[in-house]
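Note that the working numbering gives residue 130 to position 123 of the sequence shown, counting from 1, and the numbers run on in steps of one. The C-beta atom is built at its ideal place from N, Cα and C for all residues, glycine as well. It should be emphasised that the depicted structure is a prediction, and the values quoted were computed from it without experimental measurement.
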Amino acid sequence: MSSLDWIILGLFFLGLIGIIVWVLLQKEKDTSDYFLAGRDATWIAIGASIFASNIGSEHLVGLAGAGAESGMAMAHWEMHGWMILMLGWLFVPFYARSKVFTMPEFLERRYNPHARSFLSVISIVSYVLTKVAVTVYAGGVVFKDVFNIDYVTFFGYNIDFFWISAIGLVVLTGLYTTFGGMKAVLYTSVLQTPILLIGSIAILVLGIIKVGGWNELMEITRANVTVHGDSMTSLMRSHNDPDFPWTGVILGSAIIGFWYWCTDQFIVQRVLSGRDMKQARRGAIFGAYLKLTPVFIFLIPGMIAYALNQKGLITLSSNDAAFSTLVTELLPIGFKGIVIGGILAALMSSLASLFNSSAMLFTIDFYKKYVPDATEKHYVLVGRLATVVIVLLGILWIPVMKGIGKVLYEYLQDVQSLLAPGIAAVFLLGVISKKTTPAAGLWGLIIGFTLGMLRLGLNVFSGSVGEESILYKVILSHNWLHYEIYLFILVIISMIVISYFTKPKDPNTIVGLTMGSATAEQRAEVRDSWGKWDVINSIVIIVIIIAFYSYFW
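What follows is the structure, given as structure tokens:
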């Protein structure tokens, strides 16, 4: 890091502090103001926040690492701009009409209070065990590599710099999230997103130049062929591929994408903050545009790191070190400060969104149910305290991530593939059919979560499960994507059967929450919320995705 790099990094922090101070000077009126920015966010803030919240350690460390290890295999998960369009066009009207704060609250409106409570538990547990722990772990790894510091002496003790950077990241982000709420998350994202894009694009361009051009990169990566005849540039892998068979990738990645982009509080909270339906939808369209970039600014740089390592131009210590190695090896004076600012932006925005969403779930879905008559200021205070608890849990879970065996991005998608099927099925059937009953909604969540966690537990103790046992044959013997698809189909069938034998919810209580149930006034409101440019931009995004698949097929 040169003096210019430090100056640039300092300017980034000054900008961040300025935004946070401005937010803190805005007095919160109530929980809507703290958790949803007063439902007054515009499309730029919504779209930037969707992107910045999504781009966390799993991209900086994990996606680049996946690119270095398996090339384009995991690009399917990053071509989900069409899923964000589904959020904007299909789900925003339902969520906007329901006036809910959280996704579990929406399930209570559609099904019953038990479904709400169960989804809240699933969400908070999954946030702590995956998103917080993964982001914090990767933050420590990245900054230890970038700054090339092993230990720091403190009062005569040598402390691993990994722990200093990881805990510092959590505490710093936790402070501004705790005091600033959703406004801090939204408006810091407006600063963080361009910084992240500029720095990452610099890595991409300099990397391609260093490797000898695009054709050279494609030639080197195509030469790495698997036993099934697939190269690193192949999007569609053989159905015999042990990790990414095309038979599993197409639907399996879509199930995870549907759950994450259309039903997860972590993302949907951004569109719930919209000033109106028009701003929410346009924010989703803007976010879909931004979502087209991660393959190019993270996954392809991972492939570049692999190619440079093959040519002997860099030394890649591990796949997950791909991005940080490129930062230290390629960037000229000045750009390193921009990229490190971008890395900080990605990690902090992802953690900030997570802390705020977790606090909101706890306050609205648990605390407010048991203490219903408190003041709005009291609920905001509880939300702040809940954020502090989430911060502490994130720190306590850091050691768990030290034992990860897989590439980080693969680990995260594997865990999410076990969480997504049940939740995705419950939301999908709940919206498309008013015949789906409250009992079916609750049992869909229970069946999906139980069978998902059963496989996760068996994976942890796989050494003690014999290949001849029934558990192994039924649960563990299947490819992770195929198991996800089987689980999704099982939950769908179970919900249909349960709905046939149980009592549906009174149609008058779910008007506007299912397809075909909206009133004439509600339908007119939806129609007035979009114009031709919204349609044109959505079509452009779809065309770009199709072109990408055509090139890398």
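Between W268 and M90, the gap from beta carbon to beta carbon is short of 7 Å. Contact between the region 484 to 504 and the region 429 to 447 is present, with at least three C-beta pairs closer than 8 Å. The region 231 to 277 contains, as complete alpha helix (DSSP H) runs of 4+ residues, the segments 253 to 265 (chain order). The secondary-structure analysis by DSSP pairs A48 across a beta bridge with G281. Distance from L297 to G54 at the Cβ level is roughly 6 Å; contact confirmed, criterion being Cβ atoms closer than 8 Å. About 18 Å separates the beta carbons of L388 and T109, which is beyond the 8 Å limit, so they are not a contact pair.
In the same chain as I208, and ignoring 5 residues on each side of it, the C-beta atoms closer than 7 Å to its own belong to I304, in chain order. Secondary structure at I166: strand, using DSSP grouped into helix, strand and coil.
Our two residues, S324 and L306, have alpha carbons roughly 17 Å apart in a direct line. Straight-line spacing of the CA atoms in G519 and R289 works out to 21 Å. Within the region 287 to 337, the alpha helix (DSSP H) runs of at least 4 residues that lie entirely inside it are, in chain order, 307 to 317 and 329 to 337. Put simply, the backbone Cα of M310 is about 14 Å away from that of V334. About 55 Å separates the beta carbons of K384 and L315, which is beyond the 8 Å limit, so they are not a contact pair. The three-state secondary structure of Y158, taken from DSSP, is strand. Secondary structure at G220: coil, using DSSP grouped into helix, strand and coil. In summary, N486 is buried, with 16 or more beta-carbon neighbours lying within 10 Å of its beta-carbon over all protein chains present. Here G341 has S9, L11, D12 and I15 as same chain residues with Cβ atoms under 8 Å from its own Cβ, once five neighbours each way along the sequence are excluded.
Non-local beta-carbon contacts of V422 in its own chain, meaning distances under 6 Å to residues more than five positions away in sequence, involve T137 in chain order. Just so you know, the alpha carbons of H66 and V159 end up roughly 27 Å apart. For the pair E76 and Y313, the Cα-to-Cα distance works out to about 8 Å. Less than 7 Å separates the beta-carbon of K441 from that of T521. Excluding sequence positions up to five before and after L419, its CB lies within less than 7 Å of the CB of E65, G69, T137 and V141, all in the same chain and listed in chain order. Straight through space, the alpha carbons of G236 and Y134 are spaced by roughly 38 Å.
Around A71, the same chain offers F305, P308, G309, A329 and F330 as residues with beta carbons nearer than 6 Å, after the five sequence neighbours per side are excluded. Using a Cβ distance threshold of 7 Å, L452 and F125 count as a contacting pair. In the DSSP assignment, S557 falls within the alpha helix (DSSP H) that extends over K539 to F559.
Excluding five sequence positions before and after F169, the CB atoms of its chain that fall closer than 6 Å to its own CB belong to G147 and K151, given in chain order.
In this structure, DSSP gives D421 a helical state, which the three-state scheme calls helix.
Boundaries of the alpha helix (DSSP H) harbouring Y490: W487 to F508, taken from the DSSP string. By the C-beta criterion, the region 98 to 109 is judged to be in contact with the region 279 to 287, since at least 3 inter-stretch pairs fall below 8 Å.
With a beta-carbon spacing of about 40 Å, E528 and G259 fall beyond the 8 Å limit used to define contacts.
L463 places its beta carbon less than 7 Å from that of L425.
Closest in C-alpha terms to A531, from the list R229, R104 and S365, comes R104.
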